[in-house]
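Student: So the sequence shown is numbered by the working numbering: it starts at -16 and just counts up by one.
Backbone N, C-alpha and C fix where the C-beta goes; we use that ideal spot for every residue, glycine too.
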Amino acid sequence: QVQLVESGGGLVQAGGSLRLSCAPSGWIININAMNWYRQAPGKQRELVAGMAIGGGIRYADSVKGRFTISRDNAKNTLYLQMNSLKPEDTAVYYCNIDMRHGADYWGQGTQVTVSS
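(1) Suppose the cutoff is 6 Å on Cβ atoms and the five residues either side in sequence are ignored; what does the same chain contact list for Q22 look like?
(2) Grab me the residues of N0's own chain with a C-beta within less than 8 Å of its C-beta, minus the 5 sequence neighbours each way, in chain order.
(3) Please classify P70: is it buried, with 16 or more other beta-carbons within 10 angstroms of its beta-carbon, or exposed?
(4) Where does I36 land, buried or exposed, given buried means 16+ other C-beta within 10 angstroms?
(5) On the CB-based measure, 16 or more other CB atoms within 10 Å of its CB, does A57 come out buried or exposed?
(6) Check whether the region 91 to 98 touches the region 6 to 16, taking contact to mean three or more Cβ pairs, one atom from each stretch, closer than 8 Å.
(7) If distances are taken between C-alpha atoms only, which option among N79, R54, W19 comes closest to G38?
(8) Taking C-beta to C-beta, are K(-13) and I52 nearer than 8 Å?
(9) With a CB to CB cut of under 6 Å and the five nearest residues on each side skipped, what residues in its chain are close to Q(-4)?
(10) Can you round the beta-carbon distance between N15 and M82 to whole angstroms, since I take them to be within the 8 Å contact cut?
(11) Decide if A86 is buried, meaning its Cβ has at least 16 other Cβ atoms within 10 Å, or exposed.
Following this line, the structure appears as structure tokens:
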């Protein structure tokens, strides 16, 4: 069973930066999109950034201009560069692979805490 391994979360002051990484433990085919979600305490999980295999990229309005999603094909790794972090960005961040067929893959989640 392929797993998504996330890293890069932590505690940072407001205005700081973090980079999240997500690497599958094996090869995955028939991918529709690769995404980052987040879930803050007491809130629903929300899409932060998504990258369609066909090339389209989208961001939540709240992170546009501050976050960048990217993929290193050689390393088979998905990234989320987060700049100008705000306290409201505090959440558990999840890597997601949206499949064309079958169930999606989810990472274990990594905590991001932004102090004011």
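Tutor: Judging by the given coordinates:
(1) Position 39 of the sequence shown holds residue 22. Cβ within range, chain order: R28, A74, V75.
(2) Sequence index remark: in the sequence shown, residue 0 carries index 17 (1-based). The sequence given here has Ser at residue 0, not Asn. Excluding residues within five positions, the ones whose Cβ falls inside 8 Å are Q64, M65, N66, S67, L68.
(3) Taking the sequence shown and counting its residues from 1, one reaches residue 70 at position 87. Classification of P70: exposed, given that the 10 Å Cβ count is below 16.
(4) In the sequence shown, residue 36 corresponds to position 53, counting from 1. Counting C-beta atoms within 10 angstroms of its own C-beta, I36 has fewer than 16 neighbours from the protein chains shown and is therefore classed as exposed.
(5) Counting from one through the sequence shown, the residue named residue 57 turns up at place 74. Looking at its Cβ environment, which holds fewer than 16 other Cβ atoms inside 10 Å, A57 is exposed.
(6) no
(7) As a position in the sequence shown, residue 38 is number 55, starting the count at 1. Residue R54 holds the alpha-carbon nearest to the alpha-carbon of G38 among N79, R54, W19.
(8) Within the sequence shown, numbered from 1, the residue matching residue -13 stands at position 4. Within the sequence shown, numbered from 1, the residue matching residue 52 stands at position 69. Note that residue -13 corresponds to Leu in the displayed sequence, not to Lys. No, they are not a contact pair.
(9) Stepping through the sequence shown from its first residue, residue -4 is reached at position 13. Residues S98 of the same chain have their beta carbon placed closer than 6 Å to that of Q(-4), with the five preceding and five following residues left out of the count.
(10) Here residue 15 corresponds to residue number 32 of the sequence shown, with the count starting at 1. Here residue 82 corresponds to residue number 99 of the sequence shown, with the count starting at 1. Yes, N15 and M82 are in contact; Cβ-Cβ is about 6 Å, under 8 Å.
(11) Along the sequence shown, read from residue 1 onward, the residue named residue 86 stands at position 103. With fewer than 16 Cβ atoms within 10 Å of its Cβ, A86 is classed as exposed.
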